[in-house]
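S.K.: For the sequence shown, the working numbering begins at 822 and goes up steadily by one.
Don't be surprised by glycine CBs; every beta carbon is placed ideally from N, CA and C.
Remember, predicted model here, so these are calculated numbers, not experimental data.
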Amino acid sequence: NLVKELFGSTVNISGAETGGGESLADFIIKDVHNIDGKINLLFPCAQARLDILPKRLSNEQGIHLDEIIVYETIPSDSLDQELQEYLTTQGVR
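(1) DSSP beta-bridge partners for residue 849?
(2) Measure the beta-carbon distance from residue 838 to residue 868 and round it to whole angstroms, keeping in mind my assumption that it falls under 8 Å.
(3) Measure from the alpha carbon of residue 836 to the alpha carbon of each residue in 824, 826, 852, 825, then state which is nearest.
(4) Let me know the secondary structure DSSP gives residue 884 once reduced to three states.
(5) Could you give the first and the last residue of the continuous beta strand (DSSP E) run that contains residue 865?
(6) Please return the same chain residues whose Cβ sits closer than 6 Å to the Cβ of residue 883, not counting the five positions on each side in sequence.
(7) Within 10 Å of its beta-carbon, does residue 878 have 16 or more other beta-carbons around it, so buried, or fewer, so exposed?
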């Protein structure tokens with residue numbers, strides 16, 4: 822919804838139901854197969870990510886991903902303690 826607010830209702834946001842890189846790549850390739858010219862797609866992703874989508878789409882002529890890192894995974898300083906507390910409350914030793 823934020824993208825549509827910022828860029829207008831003409832922005833096409835689809836593919837959420839695909840669930841992963843391989844099926845999303847198939848969806849994108851099928852969805853854009855009849856568009857002439859170069860296609861630029863916004864690719865918001867994590868700093869640590871798999872290369873499935875970029876590799877699959879780089880093999881398709883005319884599809885370019887504009888990658889933007891929107892978050893990074895960092896270790897939690899309190900994970901061990903929080904996990905132990907949770908397991909204790911669940912009766913797991």
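M.R.: With the structure as the only source:
(1) The residue you call residue 849 lines up with position 28 of the sequence shown. When DSSP reads this structure, residue 849 sits in no beta bridge, so it has no partner.
(2) Position 17 of the sequence shown, counted from the first residue, corresponds to residue 838. Position 47 of the sequence shown, counted from the first residue, corresponds to residue 868. Contact between residue 838 and residue 868 fails: their C-beta atoms lie close to 25 Å from each other, not under 8 Å.
(3) Counting from one through the sequence shown, the residue named residue 836 turns up at place 15. If we check each option's Cα against that of residue 836, 852 comes out closest.
(4) Position 63 of the sequence shown, counting from 1, holds the residue named residue 884. DSSP places residue 884 in strand when its eight states are reduced to three.
(5) As a position in the sequence shown, residue 865 is number 44, starting the count at 1. Its beta strand (DSSP E) spans residues 860-867.
(6) Counted from its first residue, the sequence shown places residue 883 at position 62. A distance below 6 Å between beta-carbons, with the five flanking residues on each side excluded, links residue 883 to the following residues of its chain, in chain order: 859, 860.
(7) In the sequence shown, the residue the question calls residue 878 occupies position 57. By the C-beta density criterion, residue 878 is buried, having at least 16 other C-beta atoms within 10 angstroms.
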